[in-house]
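Peer 1: Top to bottom, those sequences are chains X and A.
Here the first sequence is numbered in UniProt numbering, starting from 1 and rising by one per residue.
Here the second sequence is numbered in UniProt numbering, starting from 1 and rising by one per residue.
Heads up, the beta-carbon is just placed ideally off N, CA and C, and yes, glycines get one too.
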Amino acid sequence: MNSRLRRDVSEFLNLYYNFNLVDINRNGSVILEGQINIVDVLGSIWDTCYKVQILIPHLNYPNAIPEVKEVSKNIKRDWDFHISENGICCLAIPHKLILAERSGIVLIKFYQDFIYPFFVNHQHKLKTGKYVNGEFEHHEKGILQFYREELKTNDLKFTKKIIEAAIGRIKIGNNDQCPICNTGKYKKCCKAKADSILKYGLKRIKEDLNIYEIIILGITN
Amino acid sequence: MDIFRPYLNVIKKAVNQDPKNSNRLFSNAPDESYDLSYIQGLRNELPGLETLNESRQLIKGLGSPLITSLPRLGNHPDFSHLRSTTATEKHWIISAFVDVQKSTQLHNRFTLATVALITEGIVKASIFAVNLCGGYVHRIQGDGLMVYFGGKNIEKSQATKDALKAFAMISFFVKNDLKDYFESNGIKDIYTRSGIDLGHDNQVLWMYSGIGESGEVTTCSLHTSLAPKMQATASSNGIVVGQYLINQLTSVDKYFNRKSKPIWDYEDGRFYDHYDFNWERYLVDNNFAVQNQTGDILLNVGYNSKHLNPVNLSPIAKNSKPYFDFK
Ligand SMILES: [Zn+2]
Chain X
1 MNSRLRRDVS
11 EFLNLYYNFN
21 LVDINRNGSV
31 ILEGQINIVD
41 VLGSIWDTCY
51 KVQILIPHLN
61 YPNAIPEVKE
71 VSKNIKRDWD
81 FHISENGICC
91 LAIPHKLILA
101 ERSGIVLIKF
111 YQDFIYPFFV
121 NHQHKLKTGK
131 YVNGEFEHHE
141 KGILQFYREE
151 LKTNDLKFTK
161 KIIEAAIGRI
171 KIGNNDQCPI
181 CNTGKYKKCC
191 KAKADSILKY
201 GLKRIKEDLN
211 IYEIIILGIT
221 N
Chain A
1 MDIFRPYLNV
11 IKKAVNQDPK
21 NSNRLFSNAP
31 DESYDLSYIQ
41 GLRNELPGLE
51 TLNESRQLIK
61 GLGSPLITSL
71 PRLGNHPDFS
81 HLRSTTATEK
91 HWIISAFVDV
101 QKSTQLHNRF
111 TLATVALITE
121 GIVKASIFAV
131 NLCGGYVHRI
141 QGDGLMVYFG
151 GKNIEKSQAT
161 KDALKAFAMI
171 SFFVKNDLKD
181 YFESNGIKDI
191 YTRSGIDLGH
201 DNQVLWMYSG
211 IGESGEVTTC
221 SLHTSLAPKM
231 QATASSNGIV
241 VGQYLINQLT
251 SVDKYFNRKS
261 KPIWDYEDGR
271 FYDHYDFNWE
281 RYLVDNNFAV
291 QNQTGDILLN
301 VGYNSKHLNP
311 VNLSPIAKNS
321 KPYFDFK
């Protein structure tokens, strides 16, 4: 365990009293186990609580993303609850997690930003039938939805070209006519959009491009 | 609602209605010039036995027997036969002291009647917690209580847990509910200090101390005497406990830190240790309290979750937008 991980785990355990260290190194991760109680913004305590394990990878920490396993089975094992058969919670769209990973996480903050809200949101879904801020569709459709919201467009081919520009598959000079929409100089047209998705990392957006290629091929055939 | 809320509410009303506080920028009139008749009504609003029984039923179930009256002070029911006699009896007991340190600022800000009601509220809330957890209030001294846990029909380990729970709850009430409220009114330095120790059968002598009716059934024990000494070493909102007490528990490392200087020197080479008690961890770990998103502690002993509204989940939940990508 590197010193940063050691420090973060110890600060976490000194703040959240019902979490315990259960394993320092199981398959390369620190395992914490504990209970999450739902307390709303008025300080009311909700009935359900969740027993969870947080698995924090040693490798590259703090540039790492913890995995959360819900072990109390208070979340129905169903796609609609964003949980796998063995309880792994799909906390967020990968892009958001990649951003956290790239900038480096602090365990307490990751818990407050990603883990705790996930369970509060589950409680909200149980009581009202929906997640407060909506949810991403499953699998590839969720990725399409992500770009739809991120780039504010429904155009699949346009999105694909933006991704291609971002990863440099099409070479475009700043002062070239924008080849994506043919309106004005690239630097004043689509460059900002292409640059903005680069923050999710080449590996991720290449995967996304792959998804777009397959889907567009499916539509044109 | 948390079980101390009714006490806090009365204290809040007393503070809000206090005429000296609301006029203090304009006058320094003596208390006599104010109409303080409302205080009597507020005193009657402080919860009594009915609330205690309601909370007990929430915790122990509806079948639990009602308490019809609290035992008189200085007369532990299991040793009351010693009253007005010269007989003595050796029997283990846990002695515990809690004292609420109140800022003298209170006297500058409020009428004496309000300060007295604040004290009464805190003392009553503490008595409530002690009785809820099976303890016995032996004596009330100013802003503090002397309490016994244990007796003839209870195990030492259970009495130990009861004592830790009761004192942790009292500390919680003052450290959180009360302190937050007074700090929002510009008054600092309200806190408790507590000391708890266990004496075994051969270390505790029960006897009647006093003349005729004017006396109490009390204990003579090194460990009854050490508890207030430990209390004196406690930090703000701290609870300090003796070695014999923590010997009753199986899991101790998590909750107790040995103090560097022993509390007692037997003068034969042996020393007696005392420990800081991490009561917040104890409350949460034993499900007497829960923590919110940022780790703040909320008591859930006898808590009833009424009036829950998902709208109050939204500000936290909106940060989460889940996805699913498992095959
Ligand atoms: Zn363009």
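Among all residues, which have a Cβ less than 6 Å from at least one non-hydrogen atom of ligand 1, and in what chain order do they fall?
Peer 2: C178/X, I180/X, C181/X, C189/X, C190/X
Peer 1: For chain A, find out if any of its Cβ atoms is closer than 7 Å to the Cβ of S84/X; answer yes or no.
Peer 2: The count along the first sequence starts at 1 and reaches residue 84/X at position 84. Yes - at least one Cβ of chain A is within 7 Å of the one on S84/X.
Peer 1: Suppose only complete runs of 4+ residues qualify. What are the alpha helix (DSSP H) ranges in the region 134–172 of chain A, listed by chain order?
Peer 2: 156–172
Peer 1: Should S260/A go down as buried or exposed, given a rule of 16 or more other Cβ atoms within 10 Å for buried?
Peer 2: What you label residue 260/A is simply residue 260 of the second sequence in a count that begins at 1. The residue is exposed, with fewer than 16 neighbouring Cβ atoms inside 10 Å.
Peer 1: Closest Cβ-Cβ distance between T128/X and chain A: below 7 Å?
Peer 2: As a working mapping, residue 128/X is identified with position 128 in the first sequence. So yes, T128/X belongs to the interface.
Peer 1: Buried or exposed: where does T160/A fall if 16 or more other Cβ atoms within 10 Å of its Cβ makes it buried?
Peer 2: What you label residue 160/A is simply residue 160 of the second sequence in a count that begins at 1. Buried, by the Cβ-count rule.
Peer 1: Would you grab the beta carbon distance between A64/X and I56/X for me? Rounded to a whole angstrom, and I think it's under 8 Å.
Peer 2: Working through the first sequence from its first residue, we reach residue 64/X at position 64. Working through the first sequence from its first residue, we reach residue 56/X at position 56. That belief holds up - the Cβ atoms of A64/X and I56/X are roughly 7 Å apart, short of 8 Å.
Peer 1: Evaluate contact between the region 175–189 of chain A and the region 212–223 of chain A, counting only Cβ atoms and requiring at least three cross-stretch pairs below 8 Å.
Peer 2: Judged by pairs of C-beta atoms under 8 Å, the region 175–189 of chain A does not touch the region 212–223 of chain A, as fewer than three such pairs exist.
Peer 1: Could you say which of L217/X, N221/X, I205/X lies nearest to H95/X if we only look at CA atoms?
Peer 2: Along the first sequence, one-based indexing puts residue 95/X at 95. Among L217/X, N221/X, I205/X, the Cα nearest to that of H95/X belongs to I205/X.
Peer 1: In chain order, what residues of the same chain lie with their CB nearer than 7 Å to the CB of N121/X, ignoring the 5 residues before and after it?
Peer 2: Your numbering for residue 121/X matches position 121 in the first sequence. These residues qualify, in order along the chain: Y131, V132.
Peer 1: Using a Cβ-Cβ distance under 7 Å, would D177/A count as near chain X?
Peer 2: The count along the second sequence starts at 1 and reaches residue 177/A at position 177. Closer than 7 Å: no.
Peer 1: In whole angstroms, what separates the C-alpha of K156/A from that of R109/A?
Peer 2: Residue 156/A sits at position 156 when you count from the first residue of the second sequence. Residue 109/A sits at position 109 when you count from the first residue of the second sequence. Answer to the nearest angstrom: the Cα atoms are 45 Å apart.
Peer 1: When you compare only the Cα positions, how much space is there between L249/A and R72/A?
Peer 2: If you number the second sequence from 1, residue 249/A lands on position 249. If you number the second sequence from 1, residue 72/A lands on position 72. C-alpha separation (whole angstroms): 30 Å.
Peer 1: Please list, in chain order, all residues of the same chain as G302/A whose beta carbon is under 7 Å from its beta carbon, the five residues on each side excluded.
Peer 2: Looking up residue 302/A in the second sequence gives position 302. Beyond the five residues adjoining it in sequence on each side, G302/A comes within less than 7 Å, by CB distance, of I3, S55, L58, I59 in the same chain, given in chain order.
Peer 1: By the 9 Å beta-carbon criterion, what residues does the region 178–190 of chain A contribute toward chain X?
Peer 2: none
Peer 1: Quick check on the DSSP output: the alpha helix (DSSP H) that includes P179/X runs from which residue to which?
Peer 2: On the first sequence, residue 179/X is found 179 positions in, with the first residue counted as 1. For P179/X, no alpha helix (DSSP H) run applies, since DSSP gives it neither H nor E.
Peer 1: So the candidates are C89/X, S10/X, L209/X, D40/X; which of them puts its Cα closest to the Cα of P315/A?
Peer 2: On the second sequence, position 315 is the one that residue 315/A refers to. When only C-alpha atoms are compared, the closest one is D40/X.
Peer 1: With 16 other CB atoms within 10 Å as the buried threshold, where does G212/A fall?
Peer 2: Here residue 212/A corresponds to residue number 212 of the second sequence, with the count starting at 1. G212/A comes out exposed.
Peer 1: For chain A, is any of its Cβ atoms less than 7 Å away from the one on I56/X?
Peer 2: As a working note, residue 56/X is residue 56 in the first sequence. No, I56/X does not count as interfacial toward chain A.
Peer 1: Can you find at least 3 beta carbon pairs, one from the region 240–255 of chain A and one from the region 135–153 of chain A, that sit closer than 8 Å?
Peer 2: no
Peer 1: Relative to the alpha-carbon of A87/A, which residue among L205/A, Y7/A, A96/A has its alpha-carbon at the smallest distance?
Peer 2: Along the second sequence, one-based indexing puts residue 87/A at 87. Nearest of L205/A, Y7/A, A96/A to A87/A, Cα basis: L205/A.
Peer 1: At a CB-CB cut-off below 7 Å, which residues of chain A make contact with P117/X?
Peer 2: Translated into positions along the first sequence, residue 117/X becomes position 117. Near P117/X (Cβ distances below 7 Å), the residues of chain A are I316, A317, N319, S320.
Peer 1: Name the DSSP bridge partner or partners of W206/A?
Peer 2: Here residue 206/A corresponds to residue number 206 of the second sequence, with the count starting at 1. DSSP, once it has assigned bridges, lists E89/A, T219/A as partnering W206/A.
Peer 1: Kindly indicate which three-state DSSP category D325/A falls into: helix, strand or coil?
Peer 2: The sequence position of residue 325/A within the second sequence is 325, counting from 1. Residue state, collapsed to three classes: coil.
Peer 1: Any Cβ of chain A within less than 7 Å of the Cβ of L42/X?
Peer 2: Sequence index remark: in the first sequence, residue 42/X carries index 42 (1-based). Closer than 7 Å: yes.
Peer 1: With distance defined between alpha-carbon atoms, name the residue in L21/X, A92/X, G184/X, V22/X nearest to A317/A.
Peer 2: Counting from 1 along the second sequence, the entry for residue 317/A is found at position 317. Restricting attention to L21/X, A92/X, G184/X, V22/X, the CA atom closest to the CA of A317/A is found in A92/X.
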